[in-house]
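Participant: I have a structure I would like to understand better, so I am pasting it below and will then ask my questions one at a time.
Numbering (our numbering), first residue to last: 10 to 206.
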């Protein structure tokens with residue numbers, strides 16, 4: 010794995026949550042003929058979080074998230090991310106990319122929607138009851154997600170950093186950022202790659 014330093018605001022990821030000892034690595038249904046499958050991205054994220062030297066190479070900041078860009082499999086985009094206590098991504102999607110992430114240290118809480126949102130033609134949606142999902146991914150846990158995944162990822166700890174690896178294919182073309190008040194989800198902005206790289 011090669012690493013390069015970067016400095017943008019990055020995302021943070023539908024398949025079920027997977028623990029580090031699960032035999033299933035995801036589904037090929039999120040595969041594209043020219044790129045890695047979701048299972049391959051998941052395997053990459055798991056291998057990367059198991060690389061103690063790589064994880065230790067990430068500088069940690071007491072207040073802001075930090076990251077290093079990694080060389081992912083098959084032309085994918087991958088990141089090693091440090092999460093200080095109390096930080097998170099806010100609600101977002103991945104612009105049509107599918108991916109996977111794994112936790113190397115600490116724990117991350119993922120809130121996601123079990124609903125496919127329209128990608129255009131709206132600014133505000135009222136979500137139906139029962140679409141919210143929450144999972145906690147502790148050290149060694151991983152999950153893959155599909156191209157329509159909308160979530161927020163947070164380190165809810167008051168005192169401990171978390172570290173994770175995220176991989177996306179194709180490389181993120183954009184991210185839609187959302188705000189949420191109760192059942193109301195509002196599209197706030199669309200970020201392009203040059204804004205976080």
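Glycine is no exception: its CB is placed at the ideal position from the N, C-alpha and C atoms.
Applying the 10 Å Cβ sphere with the 16-neighbour rule, what's the burial state of residue 200?
Facilitator: Walking along the chain shown from the start, residue 200 turns up at place 191. Its Cβ being crowded by 16 or more others within 10 Å, residue 200 is buried.
Participant: Would the beta-carbon of residue 188 fall within 8 Å of that of residue 117?
Facilitator: Along the chain shown, read from residue 1 onward, the residue named residue 188 stands at position 179. Along the chain shown, read from residue 1 onward, the residue named residue 117 stands at position 108. Cβ atoms of residue 188 and residue 117: not closer than 8 Å.
Participant: Express the C-alpha separation of residue 178 and residue 45 in angstroms, rounding to a whole number.
Facilitator: Taking the first residue of the chain shown as 1, we reach residue 45 at position 36. Taking the first residue of the chain shown as 1, we reach residue 178 at position 169. Spanning the two alpha carbons is a distance of roughly 7 Å.
Participant: Quick one: what's got a C-beta closer than 6 Å to residue 135's C-beta in the same chain, skipping five residues either side?
Facilitator: Numbered from its first residue, the chain shown carries residue 135 at position 126. Answer for residue 135: 192 and 193, listed in chain order.
Participant: Could you pull the DSSP bridge partners for residue 92 from this structure?
Facilitator: If you number the chain shown from 1, residue 92 lands on position 83. Residue 92 is bridged to 171.
Participant: Over the uninterrupted beta strand (DSSP E) stretch that includes residue 56, give me the two end residues.
Facilitator: As a first step, residue 56 must be located in the chain shown, where it is residue number 47. That residue, residue 56, is in no beta strand (DSSP E); its alpha helix (DSSP H) goes 47-58.
Participant: Taking its Cβ as the centre, do 16 or more other Cβ atoms sit within 10 Å of residue 65, making it buried, or is it exposed?
Facilitator: For this step, residue 65 is matched to residue 56 along the chain shown. That one is exposed.
Participant: Residue 119 to residue 95, Cα distance in whole Å?
Facilitator: Taking the first residue of the chain shown as position 1, residue 119 is located at position 110. Taking the first residue of the chain shown as position 1, residue 95 is located at position 86. For residue 119 and residue 95, the distance between alpha carbons rounds to 13 Å.
Participant: For residue 92, which option in 49, 145, 81 and 115 has the closest C-alpha, if you only look at C-alpha atoms?
Facilitator: On the chain shown, residue 92 is found 83 positions in, with the first residue counted as 1. Answer by Cα proximity: 115.
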